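Notes for the one structure printed next.
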Amino acid sequence: MKSATMKFEPYWWDDAGEPTSPKEAPLPQDIDFVIVGAGLTGLSAARTLAKKGKAVLVLDAEAPGIGASSRNGGMIGGGHRMSIDDMEARFGKATALDLLTEAHLNATNFVKDLIAEEEIDCDFAETGRFRGLWHPSEYESSARGLERLQSLIPLEAEMVPKSRQRDEVNSDLYSGGIVFPRHGGLNPAKWVQGILNAAQRAGALVQGHTPVTSVQQADAGVVIDTPRGRVRAGEVLVATNGYTPSHLSTLKRRIVPIPSFIVVTEPLGENRIKDLLPGGRMVAESRERHCYYRASPDGTRLVFGGRAALFNAPESIAQSELRGLMTQIFPELKGVGFSHSWRGRTGFTFDFLPHVGKEDGVWHAMGYSGSGNAMAPYLGHKAALLMAGDRDGETAFTKTGFPNRWWHRGSPWFLPFADVVFRARDVWSNAGRSK
Ligand SMILES: Cc1cc2nc3c(=O)[nH]c(=O)nc-3n(C[C@H](O)[C@H](O)[C@H](O)COP(=O)(O)OP(=O)(O)OC[C@H]3O[C@@H](n4cnc5c(N)ncnc54)[C@H](O)[C@@H]3O)c2cc1C
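Here you go:
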């Protein structure tokens, strides 16, 4: 059911305002650092460099923040999609431990400090997150996985058996879950705007509607072309994640831009939302559809996201898929209207890890695989320190390689086919639950 005044832009913009570009200023011809992409990654990198007294220019093709950063689900916390065994086998125990520590602890601590230090008003609340387990068999394996993780790093988390699940989510759909009490929620549009303001206060020059059309290595540094002229820089960081343009082909080949879709219900009232989410937590699922949902910051609506399709599906399909998933979890929401519906591009990698590094004279920080509210500002900061030659920039995310596949040449032609496989796996997985 569509509401009469449905908006096809992020709910977050109602409160934060639609992202807009800072006032146009002349572009410098020479500068120490240029950052391509003004989302959480690029703006955090700019803030760090500017705070170190470096001259830094951030360029975005559109308004700063208008990519995934202002249109995401607003859930913030740490974690990895790769198993500990896989990590240890691929990168060795020491690097695996560093990856776990950085993703689960350091990134979240960094962003909490950043919010406090810059006094960013972004409706941040440490609500905790409930991860709902899809298959009954996942409960025991997740409990063993969590025990192992907690033997390696001091992560606060606890298993919630199915018998206590309704304390968190008023649904029987899951087979229990895991609570991460230190995760939280925020308004992502205010979050990215807050980092933009902090970067500008520190002295960074941020310019929107200035697409970078080529980046080339030069004798000393790099040359960046834009429709507004050429800029020479000592170092350049590409921070375009799921929006990486074709001309940056080495990076584009390593990123799979998978869309994620979100709808928001009409106001349902605080009591009804509390009834759906008694724990007041952010919720994410372990199933392939990866539904994620939460209360709006004012506690009156349900914000519901998920992988409605792996390609840029028409609006009607996206909404009907999300409605089906939402009412599977909460049948009582059948017939509830949506006030907002939108989408954005996540940047997945072939190993589901983000990557930081420098190749052919160009730095990159990207590949958050759907979880960037903490990792993107954290790795943007790390990349900035590395670019400035600061040893504090050391991060395990430079040590994992940045895999590509011969069949991904840049354009994600394979996503509609992957969507068919993904749907078949979904059906199979649902059937497996009832066995
Ligand atoms: C619908 C959705 C829901 C999500 N939910 C969550 C969540 O709940 N929690 C979480 O942690 N993460 C979530 N994510 C992921 C998170 O939003 C991203 O990982 C994060 O925002 C990435 O930030 P970024 O700065 O690297 O990229 P982006 O914010 O995508 O910024 C990239 C920028 O590059 C610019 N650009 C592209 N080409 C050029 C060019 N040629 N020249 C200049 N600029 C260019 C774009 O205009 C864009 O502004 C979600 C993502 C989506 C799409």
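Each residue of the sequence shown is one higher than the one before, starting from 74 at the first, in the working numbering. Yeah, the Cβ is synthetic: ideal placement off N, Cα and C, and Gly gets one too. Note that the coordinates shown come from a computational prediction; the quantities given were computed from them, not determined experimentally.
Cβ-Cβ distances below 7 Å link K185 to nothing in the same chain once the five nearest sequence neighbours on each side are left out. I331 has T419 as its beta-bridge partners, per DSSP.
Distances from the alpha-carbon of M355 to those of M448, S94, P92, G205 put G205 closest.
Between the alpha carbons of G505 and R496 lies a distance of about 14 Å. In this structure, P351 sits near N243, with a CB-CB distance shorter than 8 Å. In chain order, I268, P450, G453, H454 place their CB closer than 6 Å to the CB of S117, counting only its own chain and leaving out the 5 sequence neighbours on each side. Counting the other Cβ atoms within 10 Å of the Cβ of R464 gives fewer than 16, which makes it exposed. Secondary structure remark: continuous beta strand (DSSP E) runs of at least 3 residues inside the stretch 394-473, in chain order: 411-421, 428-432, 435-439. Among the bridge pairs identified by DSSP, A169 is matched with none. The beta carbon of I328 lies closer than 8 Å to those of N314, G315, T317, G420, F421, T422, M439, G440 in the same chain, with the five residues before and after it left out. Around the beta carbon of F197, 16 or more other beta carbons sit within 10 angstroms, so the residue counts as buried. At least 8 Å separates the beta-carbon of W264 from that of I335. Using a Cβ distance threshold of 8 Å, P95 and Q280 count as a contacting pair. Of the heavy atoms belonging to ligand 1, none sits nearer than 7 Å to the Cβ of M399. For T373, the three-state secondary structure derived from DSSP is coil. Spanning the alpha carbons of L341 and L406 requires a straight line of approximately 10 Å. Between R360 and V337, the gap from beta carbon to beta carbon reaches 8 Å or more. In this structure H428 touches T473 by the C-beta definition: roughly 7 Å separates them, less than 8 Å.
In the structure shown, E308 adopts extended strand secondary structure according to DSSP, grouped into three states. Distance from F203 to A230 at the Cβ level is roughly 11 Å; contact not present, criterion being Cβ atoms closer than 8 Å. By the C-beta criterion, the stretch 143-150 is judged not to be in contact with the stretch 468-482, since fewer than 3 inter-stretch pairs fall below 8 Å.
Taken atom to atom, the span from the alpha-carbon of W207 to that of L246 is near 8 Å. Taking C-beta atoms under 8 Å as the contact rule, T181 and R255 qualify, at a distance of about 6 Å.
Taken atom to atom, the span from the alpha-carbon of G258 to that of E432 is near 35 Å.
Within the DSSP bridge table, the entry for K235 names no partner. The closest CA to that of S412, considering only V295, P404, F377, G397, is found on F377. Collapsing the DSSP output to three states places I108 in a strand.
Between the stretch 161-179 and the stretch 95-105 there are fewer than three C-beta pairs closer than 8 Å, too few to call the two in contact. Comparing alpha carbon positions, the residue from V288, W85, T468 closest to G434 is V288. Per the C-alpha coordinates, the member of S210, R221, E308 positioned closest to E161 is R221. Closest in alpha carbon position to G294, among H481, W436, P332, is W436. Distance check between G152 and each of Y366, M448, A119 places M448 closest, using alpha-carbon atoms only. A Cβ-Cβ contact shorter than 8 Å links I346 with G372. Sorting A136, S210, E388 by C-alpha distance to the C-alpha of K235 places S210 at the top. Spanning the alpha carbons of W85 and N260 requires a straight line of approximately 6 Å.
Rounded to whole angstroms, the gap between the alpha carbons of P370 and N344 is 14 Å.
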